[in-house]
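K.L.:
Read top to bottom, the protein sequences are chains A and B. Take 1 as the starting number for the first sequence in the working numbering and just add one per residue. Take 513 as the starting number for the second sequence in the working numbering and just add one per residue. Idealized CB from N, CA, C, for every residue including glycine. Keep in mind the model is a prediction, meaning the values are calculated, not measured.
Protein chains: 2
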Amino acid sequence: MSIPNIKHALPVTRQKDFAAWYQAVISEGDLAEESGVRGCMVIRPWGYGIWERIQKLMDARIKAAGVENCYFPLFIPLSFFEKEADHVDGFAKEMAVVTHHRLKAIDGKLQPDPDSKLEEPLVVRPTSETVIGQAMSRWVQSWRDLPLTVNQWANVVRWEMRTRMFLRTSEFLWQEGHTAHVDEADARKETMRALEMYRDFAETELAMPVIAGEKPENERFPGAVATYSIEAMMQDGKALQAGTSHYLGTGFAEAANIRYQDAEGQQQFAHTTSWGTSTRMIGGVIMVHGDDDGLRCPPMIAPWQVVIVPMLRDNPEDEAVLAYCAELAKALGDVDVFREPLRVLLDRKPIKAANKRWSWVKKGAPIIVEVGGRDVAGGNVSVLRRDRLYNDAGKLASEILPKDDFIARAAETLKDIQATLHADAKSRLEANIRRDVTDKAALVAAFEGDKPGWVEVEWARPSGAALDAVEEWLKGEKLTLRNTPLDAAPATGTCIFTGETAVERVIVGRSY
Amino acid sequence: MSIPNIKHALPVTRQKDFAAWYQAVISEGDLAEESGVRGCMVIRPWGYGIWERIQKLMDARIKAAGVENCYFPLFIPLSFFEKEADHVDGFAKEMAVVTHHRLKAIDGKLQPDPDSKLEEPLVVRPTSETVIGQAMSRWVQSWRDLPLTVNQWANVVRWEMRTRMFLRTSEFLWQEGHTAHVDEADARKETMRALEMYRDFAETELAMPVIAGEKPENERFPGAVATYSIEAMMQDGKALQAGTSHYLGTGFAEAANIRYQDAEGQQQFAHTTSWGTSTRMIGGVIMVHGDDDGLRCPPMIAPWQVVIVPMLRDNPEDEAVLAYCAELAKALGDVDVFREPLRVLLDRKPIKAANKRWSWVKKGAPIIVEVGGRDVAGGNVSVLRRDRLYNDAGKLASEILPKDDFIARAAETLKDIQATLHADAKSRLEANIRRDVTDKAALVAAFEGDKPGWVEVEWARPSGAALDAVEEWLKGEKLTLRNTPLDAAPATGTCIFTGETAVERVIVGRSY
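1. Counting contacts by CB-CB distance shorter than 9 Å, is Val131(A) in contact with chain B?
2. For His693(B), which residues does DSSP report across the bridge?
3. For Met793(B), which residues in the same chain have their Cβ closer than 7 Å to its Cβ, ignoring the five residues on either side in sequence?
4. Would Glu1012(B) pass as a contact of Thr1004(B) if the rule is Cβ separation under 9 Å?
5. Per DSSP, which residues does Arg434(A) bridge with? Please list them.
6. Between which two residues does the alpha helix (DSSP H) containing Val321(A) stretch?
7. By DSSP, does Met677(B) sit in helix, in strand, or in coil?
8. Using the beta-carbon of each residue, which ones in chain A are nearer than 7 Å to Leu857(B)?
9. Pick helix, strand or coil for Met513(B), following the three-state DSSP scheme.
10. Within a Cβ cutoff of 7 Å, which residues of the same chain sit near Met513(B), ignoring the five residues on either side of it in sequence?
11. Applying the 10 Å Cβ sphere with the 16-neighbour rule, what's the burial state of Pro350(A)?
12. Any beta carbon from chain A within less than 9 Å of Met513(B)'s own beta carbon?
13. Chain A partners of Tyr583(B), CB-CB under 8 Å?
14. Cα separation between Tyr534(B) and Thr675(B)?
15. Establish whether the CB of Arg614(B) and some CB of chain A are separated by less than 9 Å.
16. What residue range is occupied by the uninterrupted alpha helix (DSSP H) comprising Arg61(A)?
17. Give the interface partners of Val624(B) over in chain A, defined as CB-CB distance under 8 Å, in chain order.
18. Do Cys809(B) and Ile538(B) have their C-beta atoms closer together than 9 Å?
19. When we look at the beta-carbon of Asn472(B) and count the other beta-carbons within 10 Å, is it buried (16 or more) or exposed?
20. Helix, strand or coil for Asn218(A)? Go by DSSP, reduced to three states.
21. Going along the chain, which residues of the stretch 650-669 of chain B sit with their C-beta nearer than 9 Å to a C-beta in chain A?
22. Give, in chain order, every unbroken run of the beta strand (DSSP E) that is at least 3 residues long and sits entirely within the stretch 753-813 of chain B.
23. Grouping DSSP H, G and I as helix and E and B as strand, with all else coil, what is Trp816(B)?
24. Ala768(B) and Lys595(B) - do their beta-carbons sit closer together than 9 Å?
25. Figure out for me which residue from Val383(A), Lys440(A), Val157(A) and Val98(A) has the closest Cα to the Cα of Gly39(A).
26. Going by the CB atoms, is the gap between Tyr710(B) and Ala724(B) shorter than 9 Å?
27. In the structure shown, what three-state DSSP assignment does Leu979(B) receive?
28. Let me know if Gln267(A) comes out buried or exposed under the rule of 16 or more other beta-carbons within 10 Å of its beta-carbon.
29. Assess contact between the stretch 905-921 of chain B and the stretch 680-689 of chain B, defined as three or more Cβ pairs (one per stretch) separated by less than 8 Å. Is contact present?
30. In the DSSP assignment, what are the bridge partners of Gly213(A)?
31. Indicate the three-state DSSP secondary structure (helix, strand or coil) for Asp392(A) in the structure shown.
32. Just to check my reading of the structure: Val98(A) and Val849(B) have Cβ atoms closer than 8 Å, yes? What is that Cβ distance to the nearest angstrom?
33. Which residues in the same chain have their Cβ closer than 7 Å to the Cβ of Arg973(B), if we skip the five residues on either side of it in sequence?
34. Write down the C-beta distance between Ala615(B) and Ala92(A) rounded to the nearest angstrom, noting that I regard them as a contact closer than 8 Å.
35. Is there a C-beta anywhere in chain B that falls below 9 Å from the one on Leu74(A)?
36. Just to confirm, is the Cβ distance from Leu840(B) to Lys915(B) under 9 Å?
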């Protein structure tokens, strides 16, 4: 994992303390910070810049699928929420509730004005099925109105007791797609389309390999008939659920009265789906691609793909260095990469060049270009690729290149960095999934000594109390069921948990 | 205003009932609708598409000014909010307050769980000076950290008693810029930069002429030292405040402890600013550009700039019509306009072509192109410009053009529509500002019989009780002070309200 004898830029390595390392990447890379408001973070410019990139690229995929963006209310009246029993059970324990609409000084202390108490409390949306269902019930009349497909980019709130930046915060940012269909087949097709969109987005844009599959019934979204997820493996071997897609059956349609007249003139309930991804993905990117010097940001989602650091010496030569850098920035800005103009920053901040370099290393800018007087004289640039920071001797692997060569190859280099990050993560994922475990003792042993990774086992897909028993036993071992991979090999043996004939394969692992 | 003897697409004209007409544009144009949640609207795809365009173009201007996007918490602890006395006084009466974090069924009824009562209530942000100030106090140490300039795109909540879609809703979407500076001069410069950015954005992107000026002291943002606004004139002659920029002095910096060490090693409080624009601008666009057939959307912010409507007859010819339309769409998509690819939609929805045409008229698509079998045969298209829907004879002013000519001129035509909408609104604004009123009786008379428009008068810029008296008198006449235009002529006479020597000119009008 780490090269010996290198003093890394972070105060702690992955190997020493993965959790502390994660926090260090976030704080040293200026990604986010605690806000002083319980469970809520401040997303700083570099972290928010990554989110803007994710938004832009995911939004393009959502629009390409013909889904239209809308905006629905932040507040959900309790009565909307109560209509779907499983749904409300699943969320009631972690919701922010608005009860008053005014403050007043009472005994010199500002507090909710009792005279402003709401007749019906409002829930701050933890997810929007209920309020979007109400709108759909107005919009859907006939089979001609279906499928109805909408998405919103929004903040949601779930009152989490233990929070971790990006991974689990009380407030987070996400997109939620909501669709209504004439029948189960069409709704299930949309559920799988969204799942595949997320899988491909994770692999392509985030360079983050994932396993797409169905969640066991106990892990379904509250009120869903089926929940699918993409699961990514972090460098400590734990699983992160990075996106979900739900087939909701007709339960939410019945609760919100989303009905349509079919071609035969009969009233039918629509079948609905929902699917979402969030700022949690940024936590995944950090834990998949980060190293002991900070984040390594995949070029497709890096706010700046190339950062130019002029090496100034407070002497007359500086002007020529800056002019050379400006010219370089302009030429790079005209380069196209991943079908967009290359994003280049000339960093003019008045701090020392070495500090500047290390701040961009920690942030994970894919390419850092340093330019000093000698480079200007020789028509060169000094190029540092963030994906291979050190050479085998443990020295910074800066490469001196003719400026024009670097410009000509910049797009290729960025594509290569994107591909390298993906390939590295993909081999790690594949190397750390065991598929040879056939009994519970071996399953426990597979995780002994905090051995990283997942185990894919055959099971009989138990349900109800039988599944509860499996999960109870796994919990005792600090293990969880992740999903049943869509592309797993067929089951041929017996269920590792129940001894019955196995019907499919399921992934077991520790998780975030 | 209206052409006689035309049956317009909306059920009510501007002249007959401007307020009802406004609601009709919104509902018939599928822009937004009531949500069933008090004071909150659902923004539908066409309305949200306009907001996405506004976001994209405004965000580009904000980034070009070097301001970085961040994200700050939705919730503000009461203690943060209380620190700035004027600020809390200004907002305390209209805030949503979160008091519990869990629901529980009590006597069979779901309600806030008393055991989940928060020790400190949380306010849903009505604006973010306080929570961003807390972050700035962590980020600012030295004069080298200044100016610090951030922006966020977010939802905010102000508990409005009387709401109107887009213009005044309990929840709305906006951007809020927040900056900290070494001194008053630099902060005031930023305040004016943001104001000028808004003025130019309104004129250019929204084609909406505005008057930029300072708000009278009673109309300042709570806690501000100076507030500036852009004011647009709606077609009923009322004023809409469409953006504001505030110089906040050191009050917020003192409350949040935003201090820096200056070059001499002394601790100083920063001078801060804030500035914002919101979904309210969409209400302005409707009331400035709409006509009796619906919205006329300026091409720069239209989600689709050209909509192609194939005229199908359920016969074999349809295939050739659709192929011709697809080819047209492809060619238009390759056209650049306003430095972006032209946004073109081929509307394949299975509804009658005439209904389709009118739905796009009501939405305000700048150019609607109809294509039938005869057009295909002749290599033509039938073009309808939304800014001039009817000819002098009161017939739809569709123009048959050779397809290639239309494509070659499409960018120019869109630019001409943008310019025409601006020019129309600009002449209306100029024609409806009177500057010849010098006494209160004439001021009242100027508004008699609901005569539309504003009056710019000379005044002595009274303060405190004297200003209260002026505003009290104006309120009795249903009038308000809008702003003191930056580019007004100098005052030469006496104050229309107090008879003192006038120092500047101020705009008086009815308002939203």
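P.N.:
According to the structure data:
1. yes
2. His783(B)
3. The beta carbon of Met793(B) sits closer than 7 Å to the beta carbons of Ile566, Leu718 and Ala754 from its chain, once the five residues preceding and following it are set aside; these are given in chain order.
4. No, they are not a contact pair.
5. Val455(A)
6. Glu317 to Gly333
7. Three-state result, Met677(B): coil.
8. Those within 7 Å of Leu857(B) in chain A number zero; the least Cβ separation is about 11 Å.
9. Per-residue confidence for Met513(B) stands at a pLDDT of 46, beneath the threshold of 50, marking its modelled position as unreliable; no derived number is given.
10. Below a pLDDT of 50, predicted positions are generally treated as unreliable, and Met513(B), at 46, falls in that range; the measurement from the model is reported next regardless. Contacts found: Arg526 and Gln527.
11. exposed
12. Residue placement at Met513(B) is flagged as unreliable, the pLDDT there being 46, under the threshold of 50; the coordinate-derived value follows with that caveat. Not an interface residue.
13. Val42, Ile43, Tyr48, Trp51 and Leu173
14. 13 Å
15. yes
16. Pro45 to Ala64
17. Reading off the sequence, residue 624(B) comes out as Pro, not Val. The contacting residues are Val97, Thr99 and Pro121.
18. no
19. Residue 472(B) lies beyond the residue range present for chain B, which begins at 513 and ends at 1024; the question has no answer from this structure.
20. helix
21. Arg650, Trp651, Arg656, Val662, Gln664, Ala666, Asn667 and Val669
22. 771-773, 779-781 and 783-790
23. coil
24. yes
25. Val157(A)
26. yes
27. helix
28. exposed
29. no
30. Ser229(A) and Pro485(A)
31. Three-state DSSP puts Asp392(A) in coil, outside helix and strand.
32. Incorrect: roughly 44 Å between the Cβ atoms, too far for contact.
33. Val1015 and Glu1016
34. First, the residue type needs correcting, since residue 615(B) is Leu and not Ala in the sequence shown. Confirmed, Cβ separation roughly 4 Å.
35. yes
36. At the C-beta level, Leu840(B) and Lys915(B) come within 9 Å of one another.
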